[in-house]
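For the sequence shown, the UniProt record's numbering gives the first residue as 1, with consecutive numbering after it. Backbone N, C-alpha and C fix where the C-beta goes; we use that ideal spot for every residue, glycine too. Here is the structure we will look at, set down as structure tokens.
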Amino acid sequence: MHHEVRGVVSRKAGAPVEVLDILVPDPGPGEALVAVQACGVCHTDLHYREGGIGDEFPYLLGHEAAGVVEAVGPGVTDVEPGDFVVLNWRAVCGRCRSCRRGRPQYCFDTRNAEQPMTLTDGTPLSPALGIGAFAEKTLVAAGQCTKVDPESDPAVVGLLGCGVMAGIGAAVNTAPVQRGDTVAVIGCGGVGSAAIAGADLAGARRVIAVDVDPRKLEWAERFGATDLVNARHADPVEAIRALTDGVGADVVIDAVGRPETFRQAFYARDLAGTAVLVGVPTPDMELNLPLIDVFSRGGAVKSSWYGDCLPSRDFPVLVELHQQGRIDLDAFVTERIALDDVEAAFDRMHRGEVLRSVVVL
1 MHHEVRGVVS RKAGAPVEVL DILVPDPGPG EALVAVQACG VCHTDLHYRE
51 GGIGDEFPYL LGHEAAGVVE AVGPGVTDVE PGDFVVLNWR AVCGRCRSCR
101 RGRPQYCFDT RNAEQPMTLT DGTPLSPALG IGAFAEKTLV AAGQCTKVDP
151 ESDPAVVGLL GCGVMAGIGA AVNTAPVQRG DTVAVIGCGG VGSAAIAGAD
201 LAGARRVIAV DVDPRKLEWA ERFGATDLVN ARHADPVEAI RALTDGVGAD
251 VVIDAVGRPE TFRQAFYARD LAGTAVLVGV PTPDMELNLP LIDVFSRGGA
301 VKSSWYGDCL PSRDFPVLVE LHQQGRIDLD AFVTERIALD DVEAAFDRMH
351 RGEVLRSVVV L
């Protein structure tokens with residue numbers, strides 16, 4: 001049996017998205033059918049629409065989502081119909097070399113649903129990050145469902161499915177920020193603001209926010225930034241050093257993902273400090289650093305995959321911290337919109353007017 005629902009589809013690179021009828025099959029072995037309640041509009045979806053991630057059009061967009069499990073396929077034991085879940089795009093396999101070594105957050109064989117969702121004419125859809133949640137229902141691997149408190153607001157906790165988790169995890173898991181550290185975050189959109197919140201949660205004594213947009217710097221202050229640097233008016237490296245007794249920050253997180261911003265992160269850290277790349281570059285970007293500088297400055301240069309998170313471990317904890325008032329996830333939701341408003345939301349995101357637009361179904 002197939003379920004006919006509405007979904008946001010990108011047919012070709014650079015073209016506006018369309019809201020179309022799609023077919024979602026009943027779950028097969030290891031799969032779950034989820035009634036989507038809310039899904040954030042993430043920059044990764046715009047990358048898909050622009051052809052910056054792949055060319056497997058048409059894409060079913062959307063991946064920062066929460067909803068209720070409607071049905072499960074054979075062999076599924078971790079979730080059942082009625083469970084409230086946040087979706088994730090790294091369902092660990094439990095069998096690859098990383099999982100066997102006790103590092104499931106780096107799983108090299110993550111799972112997605114095997115059956116395709118399609119257009120009504122049978123054309124297979126490529127779901128964004130294996131999820132495709134700009135739809136009334138979606139089909140995922142059961143391991144992509146993480147149960148959290150059902151009293152949670154889907155529009156808020158669904159954002160843990162990508163950007164908010166990526167930022168918080170870059171600070172808490174990848175770096176990791178230690179109590180008393182100085183931290184700088186370059187780029188204060190959704191991911192950068194989450195990194196600031198994560199650094200604050202971890203006990204950083206100083207959190208320096210860097211951006212070219214005064215509006216984003218205001219957001220950063222709301223999430224715990226102690227110092228603000230407008231990179232249009234000051235050199236970020238020199239400004240960060242000036243705020244850290246001339247030595248640089250213990251941790252610098254690049255939430256933009258461009259060669260120039262990563263160079264800033266590399267040189268703005270203290271000797272033996274840590275630079276973390278969590279912003280997603282495009283395939284054409286290249287980084288040129290003097291190898292002697294990589295050697296002589298010591299420390300660590302890290303990339304952060306999804307905030308190095310383990311959804312089953314991290315999502316419930318962050319939801320609980322939010323409910324305790326220790327991290328303000330509500331502040332990431334700028335607006336709540338309908339499926340038909342996704343294209344306009346992309347424009348607002350591109351102009352830097354929102355942290356997150358969230359589709360509510």
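Identity of the residues DSSP links to residue i by a beta bridge
{"i": "glutamate 50", "result": "According to DSSP, which records beta bridges pairwise, glutamate 50 is partnered with nothing at all."}
{"i": "glycine 73", "result": "For glycine 73, which the question treats as bridged, DSSP gives no partner whatsoever."}
{"i": "arginine 111", "result": "Ala91"}
{"i": "cysteine 39", "result": "Ala65 and Val359"}
{"i": "glycine 298", "result": "Paired residue(s): none; glycine 298 is not in a bridge."}
{"i": "leucine 329", "result": "Note: leucine 329 sits in no beta bridge, so no partner."}
{"i": "alanine 135", "result": "Gly7"}
{"i": "alanine 32", "result": "Val72 and Val140"}
Whole-number beta carbon distance between residue j and residue i, since they are thought to touch under 8 Å
{"i": "valine 276", "j": "isoleucine 253", "result": "5 Å"}
{"i": "isoleucine 22", "j": "threonine 118", "result": "7 Å"}
{"i": "glycine 198", "j": "valine 229", "result": "19 Å between Cβ atoms; not a contact."}
{"i": "aspartate 314", "j": "glycine 167", "result": "Not quite, the Cβ-Cβ distance comes to about 12 Å (not below 8 Å), so this is no contact."}
Buried or exposed by the 16-neighbour rule on C-beta atoms within 10 Å, applied to residue i
{"i": "methionine 285", "result": "exposed"}
{"i": "phenylalanine 295", "result": "exposed"}
{"i": "histidine 2", "result": "exposed"}
{"i": "residue 377", "result": "Outside the displayed range of the chain (1 to 361) lies residue 377, so it cannot be described from this structure."}
{"i": "proline 82", "result": "The sequence given here places glycine at residue 82; proline does not occur at that position. Exposed is the call here."}
{"i": "phenylalanine 108", "result": "exposed"}
{"i": "histidine 233", "result": "exposed"}
{"i": "residue 418", "result": "The shown model of the chain, from 1 to 361, leaves out residue 418, and the question about it has no answer."}
{"i": "glutamine 324", "result": "exposed"}
{"i": "glutamate 31", "result": "buried"}
{"i": "valine 207", "result": "buried"}
{"i": "arginine 241", "result": "buried"}
{"i": "glutamine 105", "result": "buried"}
{"i": "valine 317", "result": "exposed"}
{"i": "aspartate 121", "result": "exposed"}
{"i": "glycine 158", "result": "buried"}
{"i": "alanine 90", "result": "Before going further, note that residue 90 is arginine rather than alanine in the sequence given. When all chains shown are included, arginine 90 counts as buried."}
Nonlocal neighbours in the same chain, by C-beta distance under 6 Å from residue i, ignoring five residues either side
{"i": "residue 403", "result": "This structure does not reach residue 403, given that the chain is present from 1 up to 361, and the question cannot be answered."}
{"i": "valine 358", "result": "Ala38, Gly40, Ala155, Val333 and Arg336"}
{"i": "histidine 322", "result": "Leu329"}
{"i": "threonine 282", "result": "Gly52"}
{"i": "valine 212", "result": "Ala231 and Arg232"}
{"i": "cysteine 56", "result": "Note on residue identity: the sequence assigns glutamate, not cysteine, to residue 56. Only Ser126 meet the Cβ criterion."}
{"i": "valine 280", "result": "Gly257"}
{"i": "alanine 239", "result": "Val229"}
7 Å Cβ shell around residue i - same chain, five flanking residues per side excluded
{"i": "glutamate 50", "result": "Ala13 and Gly14"}
{"i": "valine 156", "result": "Leu329, Asp330 and Val333"}
{"i": "valine 36", "result": "Ala65, Gly67, Ala133, Ala135, Glu136, Lys137, Thr138 and Leu361"}
{"i": "valine 17", "result": "Val8, Val9, Ser10, Arg49, Leu61, Val342 and Glu343"}
{"i": "serine 303", "result": "Leu277"}
Nonlocal neighbours in the same chain, by C-beta distance under 8 Å from residue i, ignoring five residues either side
{"i": "alanine 265", "result": "Ala184, Ile186, Val252, Ile253, Asp254, Ala275, Val276 and Leu277"}
{"i": "arginine 97", "result": "Phe108"}
{"i": "proline 263", "result": "Correcting the residue identity first, residue 263 is arginine in this sequence and not proline. These residues qualify, in order along the chain: Leu287 and Leu289."}
{"i": "valine 79", "result": "Ala32, Val69, Val72, Val85, Ala142, Cys145 and Lys147"}
{"i": "leucine 355", "result": "Gly189, Gly190, Ser193, Trp219, Ala331, Phe332, Val333 and Thr334"}
{"i": "phenylalanine 223", "result": "Ser193, Ala194, Ile196, Ala197, Asp200, Asp328 and Ala331"}
{"i": "leucine 310", "result": "Val92, Pro104 and Gln105"}
Proximity test, residue i beta-carbon vs the ligand ATP heavy atom, cut-off 8 Å
{"i": "arginine 111", "result": "Only the bare structure without any ligand can be found here, which leaves the ligand ATP out of the picture."}
Practice problem: Give, in chain order, every unbroken run of the beta strand (DSSP E) that is at least 3 residues long and sits entirely within the stretch 180 to 246. | Solution: Counting whole runs of 3 or more residues, the stretch 180 to 246 contains the beta strand (DSSP E) stretches 182 to 186, 206 to 211 and 227 to 230.
Exercise. Write down every uninterrupted run of the alpha helix (DSSP H) in the stretch 247 to 294 whose length is 4 residues or greater and which is fully enclosed by it, in chain order.
Key: Runs of the alpha helix (DSSP H) inside the stretch 247 to 294: 259 to 268.
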